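Scroll down for the structure; my scribbles are underneath it.
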């Protein structure tokens, strides 16, 4: 593992343009562009070059929930609460093609490493695989019994991992389309999952405030972190495989050293839940988004070496997280809306939040979690009712067929 540099992660850029909570972020291959999606139904493409204008893409009829650049960077996929997936050409025209992908909210879109396939996940409890260029449906994976929040291809494209509100993470063989293993250790809804760059591990984030890392060959739980005080909404592996970053409803981002199994940094930037986080393809930067409508770009300042010739190493086993790493208060620049232009961060005094307000916010987040669970239970009951009603109608038809005229 490369030696740590002395510099801490720093807030590099602050983008304002969304009019509602930011739900997703992703960097292009060359790190020249950053895409973000929002509850305001739009996508934004931000230029990493200072003072460059951003593009706003409109087309989705409801909240944009997920976004992913193709490996080449020539295409951008997005999913929405409007049940559709759009494939965009990320240029000034903002042209897109749309297809009705699911029968409920699309929660996740992800290209495979060669860009030929796209995997999507939805509240309709399915994971679907599509041909990218033909935008043709190929097959469904249907063993989840609740909303599927996330689905990702493995780096080699042979496996798919999915995370669901049924409290499981499932590993699928893409060729046989069979579920290889179900990981059931989460105590709540599983919000996000991704493969380690080596492909030998997966990390999953949960509503139970935890992050768990499993070996995909032995299926053993190798690391378990309980560091956040609220739901973990997203995570991202550093390309080296040595670090993992998490975003939580407790408003913080946390950087974990996977090789040592410990917390390195806690970053305070968002005012409210941090909803999404992603490393750039080189690991030099990471971006985060929050319910405060902000998109932030941070400079990693650690392990800044060329990973082109370096193979990612899987994290060693570790029982649980411990230690008291440095906490960093990195305040948000003033909320001046400079339309679509990039805004540099200004140095400020750290923002302290009154304890009563913090506890109130935590209570609200807790209540929202309860509300989400209630909605999920109601949806399950509705599905059961529909099934019973269907059975009753079928029975009635059978009785009518048997009854002589």
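In my numbering, the protein residues as written are 10 to 414.
Quick reminder that beta carbons are idealized off the backbone N, C-alpha and C, glycines included.
Since this is a predicted model, take the numbers as computed values, not measurements.
The criterion of a C-beta distance shorter than 8 Å is not satisfied by residue 53 and residue 88. When the alpha-carbon of residue 101 is set against those of 36, 184 and 63, the nearest one is in 63. In the DSSP annotation of this structure, the continuous segment of the beta strand (DSSP E) that includes residue 158 starts and ends at 157 to 162. Measuring C-alpha to C-alpha distances from residue 56 to each of 402, 311, 306 and 118 identifies 306 as the nearest.
In the DSSP assignment, residue 247 falls outside any beta strand (DSSP E) and carries neither an H nor an E. Following the DSSP letters along the chain, one finds residue 36 inside the beta strand (DSSP E) bounded by residues 31 to 36. In this structure, residue 109 sits away from residue 131, with a CB-CB distance that is not shorter than 8 Å. DSSP places residue 203 in the strand class (E or B) of the three-state scheme. Residue burial annotation: residue 400 is exposed, with fewer than 16 other C-beta atoms found within 10 angstroms of its C-beta.
The C-beta distance from residue 243 to residue 258 rounds to 11 Å, too long to fall under 8 Å, and the pair is not in contact. Remark: three or more beta-carbon pairs, one from each stretch, lie closer than 8 Å, so the stretch 160 to 179 and the stretch 190 to 197 are flagged as touching. The shortest CA-to-CA distance from residue 186 to any of 168, 201, 199 and 412 is the one to 168. In the structure shown, residue 411 falls within a helical segment according to DSSP collapsed to helix, strand and coil.
Taking the CA atoms as reference points, residue 211 sits about 49 Å from residue 407. In this chain, the beta strand (DSSP E) harbouring residue 233 covers 230 to 234. The shortest C-alpha to C-alpha distance from residue 34 to any of 309, 396 and 299 is the one to 299.
Here the alpha carbons of residue 114 and residue 411 stand approximately 42 Å from one another. Around the Cβ of residue 49, a 10 Å sphere holds 16 or more other Cβ atoms; the residue is buried. The Cβ atoms of residue 260 and residue 235 lie no closer than 8 Å to each other. Secondary structure note for residue 77: its beta strand (DSSP E) is the uninterrupted segment 73 to 78. Burial of residue 111 is indicated by the presence of at least 16 other C-beta atoms within 10 angstroms of its C-beta. When rounded, the separation of the alpha-carbon atoms in residue 223 and residue 404 is 46 Å.
Inter-residue distance for residue 391 and residue 274 is about 43 Å (C-alpha atoms, whole angstroms).
The Cβ neighbour count for residue 96, taken over all protein chains shown within 10 Å, is at least 16; the residue is labelled buried. Membership of residue 61 in any beta strand (DSSP E) is not indicated, and neither H nor E is assigned to it by DSSP. Non-local C-beta neighbours of residue 158 in its own chain, meaning closer than 6 Å and more than five positions away in sequence, comprise 116, 172 and 200, ordered along the chain. Residue environment: residue 98 is assigned as exposed (fewer than 16 neighbouring CB atoms within 10 Å of its CB, all protein chains considered). Inclusion of residue 30 and residue 45 in the CB contact set at 8 Å is not warranted, their separation being larger than that value. With a threshold of 16 other beta carbon atoms within 10 Å, residue 21 meets it and is buried.
Taking a C-beta distance under 8 Å as the contact criterion, residue 237 and residue 263 qualify as a contact pair. Taking 8 Å as the cut-off, the beta carbon of residue 162 is found no closer than this to the beta carbon of residue 141. Cβ atoms of residue 205 and residue 166 stay farther apart than 8 Å, at about 15 Å. DSSP places residue 287 inside the beta strand (DSSP E), whose first and last residues are 283 to 288. Listed in chain order, the non-local C-beta contacts of residue 217 below 7 Å within the same chain comprise 195, 196 and 197, local neighbours out to five positions each way being set aside.
In the DSSP assignment, no residue is bridged to residue 28.
In this structure, the straight-line span from the alpha carbon of residue 256 to that of residue 276 is close to 10 Å.
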